[in-house]
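136 is the number that full-length UniProt numbering gives the last residue of the sequence shown; the numbers go up by one with no jumps.
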Amino acid sequence: MLNTKVKDFMQHKLPNITPDTEMTTAIAELQKFKLLGAPVFDSNKFLVGFISEQELLKPLMQSSYFCDGVVKVSQLMQTEVVTVNGDTNIIELAEQMRPGKPKNYPVVDGEKVIGMISRADILKALYDNYLACQTH
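Encoded structure:
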């Protein structure tokens, strides 16, 4: 487990969400990829934000009630994004994931986003390791 890296358990496929993506499209993408949140990219594929179900819930509730307007991701996204390097040890990240901290992290290699890791992914890594320990 000491050598297990974030990149070993991260999700590689990500939706293409930009600041101009409509809220409803972003929701559909999160559901399609089974994510609770996703990075937001500019036209050059640079990370410019993060959008999660939390930011989408209230505006969707209002839009569905009033049947009004188009809301863009740029109006809702977080612009200060906490990322994690793919070479970070999985235990180190698990220790950082305390209450009040993000549940999902874009995984980066330098400035390039190479995937996503969630609390569920880390739980799986730890559980797999636990099961392996029990069989030895």
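Glycine is no exception: its CB is placed at the ideal position from the N, C-alpha and C atoms.
In this text the structure is predicted, and so the values were computed from the model without any measurement.
Contact check, residue i vs residue j under 8 Å by CB: the rounded distance?
i    : j   : result
D109 : M10 : Not a contact, Cβ separation roughly 11 Å.
L30  : P15 : 7 Å
K5   : G86 : 6 Å
V73  : T21 : 5 Å
L76  : L56 : 7 Å
Apart from the five residues just before and just after residue i, which ones in its own chain have a Cβ nearer than 6 Å to its Cβ?
i   : result
E53 : L36
Among the candidates the options, whose CA atom is the shortest distance from the CA of residue i?
i   : options                 : result
G69 : P19, L131, A132 and M23 : M23
V40 : D87, V6, R98 and Q78    : Q78
I51 : F33, N44 and I27        : I27
A38 : L126, Q62, S64 and K103 : K103
V82 : K7, P59, V113 and H12   : V113
D8  : K101, F46, I91 and G100 : I91
F33 : K45, G49, M61 and H12   : H12
With DSSP as the reference, please indicate the residues paired to residue i in a beta bridge.
i    : result
S118 : N104
N89  : K5
S52  : G37
Looking at the C-beta of residue i, does it have a partner C-beta in chain C at a distance below 8 Å?
i    : result
D121 : No chain C appears in this structure, which consists of one protein chain only.
Leaving out the 5 sequence neighbours to the left and right, which residues in its chain are closer than 8 Å to residue i when beta-carbon positions are compared?
i   : result
M97 : K103, R119 and I122
L93 : V6, V84, Y105, I117 and I122
Among residues of its own chain, excluding the 5 on either side of residue i, which ones have a beta-carbon nearer than 7 Å to its beta-carbon?
i    : result
A125 : T4, F9 and I90
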